[in-house]
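*Asks:*
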Amino acid sequence: MKKSCLFLCLAALFWFSSCMDTKYVTKKSTFDQVITQVSDEMSQQGFNLSGSSSETKNDLVVLRTSHTEEGGYGTELANNFVTRDTYRFTNATGHSISYTVSYMLRETKKGEQYVDAAEIAACEVSDPSDYEKMCGSNSPIYQVNDMEKNLAIKVRNGKKTFYLASGLTLGGLVLLLIGAMAH
-13 MKKSCLFLCL AALFWFSSCM DTKYVTKKST FDQVITQVSD EMSQQGFNLS GSSSETKNDL
47 VVLRTSHTEE GGYGTELANN FVTRDTYRFT NATGHSISYT VSYMLRETKK GEQYVDAAEI
107 AACEVSDPSD YEKMCGSNSP IYQVNDMEKN LAIKVRNGKK TFYLASGLTL GGLVLLLIGA
167 MAH
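Now the structure itself:
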C-alpha cells in the first residue's frame, strides 16, 4: 500500500511539474495607443493617414532536427503566426510614406490580448529627402520598437521542466529502491 501511494505521489509530481519563467510583453491596448500616437506625430509633420492593411501569416519555426538510420532526417516545426500591419501616409504635395509593423498577437489564459516581438519591419518614402526624418532611427515610427512592456506573463521553460522532471524521476526511483531494500 505504501509503495503504491508513494508511486502515485511521484507520478503526480512528475506529471504536474514544470518550471515557468516570467516574460514581459505589451498589452494590445498600449500597442494601439502607440500606433495612434505615431499617426498623430506624422500628421503634425504634414503626413496624413491615407490607408492601412494587415495580414497574418504562419511563419513556421524549426524547433529541432533529428536523424535516425532507418528514417533519415526529421524536423519538428512550430506554428508562429506573425501579423504585419502597413500604414500609408501622404502629404499635400503628393509625397508618400509607408511603414510596416511586425508582431505576434497572443492572448493570456485570462483572455487579455497582448503583443509580442513588435518591431518596425519596413519603411518607404517616395521622396528620398524625407527618409531620415520619417524613417530614420529618431523618427516617430520607432516608438513601436520602444513600447513599454507592461504585462507580465508566465511561459513554460522547457529545459528547466526537463531537469525538474528528470530529478523527480531519479529521486522517485531512489526512494523506491530504498523502500524495496527495507523490506
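All the letters of the sequence shown, read from the start, carry residue numbers -13 to 169 under this note's numbering. Every residue, glycine too, gets a C-beta built ideally from N, C-alpha and C.
#1: Going along the chain, which unbroken runs of the beta strand (DSSP E) with 3 or more residues stay wholly within the region -1 to 54?
#2: Report yes if the C-beta distance between P114 and V24 is below 7 Å; otherwise report no.
#3: Per DSSP, what are the beta-bridge partners of S82 in this structure?
#4: Check whether the region 4 to 24 and the region 106 to 123 are in contact - that is, three or more C-beta pairs closer than 8 Å.
#5: Taking Q99 as the reference, which of L163, M133, F17 has the closest Cα?
#6: From S123 to T76, what does the alpha carbon distance come to, in whole angstroms?
#7: Whole angstroms are fine: how far does the CA of E93 sit from the CA of N66?
#8: So, is I83 buried or exposed, given that buried needs 16 or more other C-beta atoms within 10 angstroms?
#9: Excluding five sequence neighbours on each side, which residues of the same chain lie with their C-beta closer than 8 Å to the C-beta of T51?
*Replies:* This is what the structure holds:
#1: Within the region -1 to 54, the runs of beta strand (DSSP E) at least 3 residues long that lie entirely inside it are, in chain order, 6 to 13, 34 to 44, 47 to 54.
#2: no
#3: T76
#4: no
#5: F17
#6: 20 Å
#7: 14 Å
#8: Buried, since its Cβ has 16 or more Cβ neighbours within 10 Å.
#9: Here the set comprises Y59, G60, T61, E62.
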